Amino acid sequence: MPSASSSHSTGEAPGPSLPGASPHQLARRQQYDALLDAETGSTSTSLGSPAAHPSYPAVAPLCKRYPTQASAIFQTYLDLKNGAAAWDVVEPLAPSLHPASTAEEETVEDLSGISDTEAEELIQARLQALDAGPGRLGLVGADAGGEDELNKTGLAAIKGRRKDAKAYEIVIPLTITQHLRPTQLNAIFSLVEAHAASCPPGEDIDTSHVLLAIIAPDSTLVYYVVSQGMVKPVN
1 MPSASSSHST GEAPGPSLPG ASPHQLARRQ QYDALLDAET GSTSTSLGSP
51 AAHPSYPAVA PLCKRYPTQA SAIFQTYLDL KNGAAAWDVV EPLAPSLHPA
101 STAEEETVED LSGISDTEAE ELIQARLQAL DAGPGRLGLV GADAGGEDEL
151 NKTGLAAIKG RRKDAKAYEI VIPLTITQHL RPTQLNAIFS LVEAHAASCP
201 PGEDIDTSHV LLAIIAPDST LVYYVVSQGM VKPVN
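In UniProt numbering, the protein residues as written are 1 to 235.
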């Protein structure tokens, strides 16, 4: 069974005695709030657009494909690429045992001629499916087939390599409200191993563990190392 072995965090929660936030900090918080509103279904999304950030295009396809992880994807990507860690390589990744078929793309193209009313109905149906379906990670009450469903739909991840490291690591961005069941953790390791097997020679992936990047509402990121099986404690 996977076990959490260690964690570290970046950023600090603001205290009442600290000075006011700078315009840059406010803009970053507004981008996060807008993404969080989109995830939770709020109708207020006028606080700014992450698309204005120069780094957003790199993760935009992943955010659109996995909207419930969107805010965590964007902030984790920024932290690993430009934060204190500043990894040498940071790449968006969508590991899946069943890649998206072209039939889904053709369906999207066929929607170009629908009316506004039909479009609104499709949007509402899609939002309801996200709220109730297993694609929304960690929902209490979701069906027990989490492992099979996650293997089918995949999830958003980030593949990166630390400075001076030889192997790549896989990071799974999540919001603090998302929880993984044991079957889903097993599925994640299956996806990581499948991706590692498909990589070209010389591109080594560390499959012994994954990093869970958990983002809080104040934009604090905490990284948890989750390993397979029993792991010897590190002093």
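C-beta atoms are modelled at their ideal positions from N, C-alpha and C, and glycine is treated no differently. This one's a predicted model, so the numbers in the text were calculated from it and none came from an experiment.
Supposed close pair residue i, residue j - CB separation, criterion 8 Å
i: Y77; j: S55; result: 7 Å
i: T175; j: S71; result: 6 Å
i: Y224; j: I214; result: 7 Å
i: N151; j: S208; result: Not a contact, Cβ separation roughly 20 Å.
i: P156; j: A94; result: According to the sequence displayed, residue 156 carries Ala and not Pro. Going by Cβ atoms, the distance from A156 to A94 rounds to 6 Å, so yes, they are a contact pair.
i: V59; j: I73; result: 5 Å
Identity of the residues DSSP links to residue i by a beta bridge
i: A229; result: It should be pointed out that residue 229 corresponds to Gly in this sequence rather than to Ala. Answer by DSSP bridge pairing: none, since G229 is not bridged.
i: D159; result: For clarity, residue 159 is Lys in the given sequence; the question names Asp instead. BP columns for K159 point to E91 and I170.
i: V210; result: V226
Local conformation of residue i per DSSP, three classes
i: E169; result: strand
i: P200; result: coil
i: I188; result: helix
i: V234; result: coil
i: I205; result: strand
i: T175; result: strand
i: S96; result: coil
i: G83; result: coil
i: E105; result: Bear in mind that a pLDDT of 40 at E105, under 50, signals an unreliable position, so the model cannot answer this.
i: L47; result: With a pLDDT of only 39 at L47, under 50, the local geometry of the prediction cannot be trusted, and the value read off the model is given with reservation. If DSSP states are grouped into helix, strand and coil, L47 belongs with coil.
i: I114; result: coil
i: S55; result: coil
i: D164; result: coil
i: L127; result: helix
i: Y77; result: helix
i: L180; result: coil
Given 8 Å, three or more beta-carbon pairs between the region 194-202 and the region 171-184: By the criterion of at least three beta-carbon pairs nearer than 8 Å, the region 194-202 is not in contact with the region 171-184.
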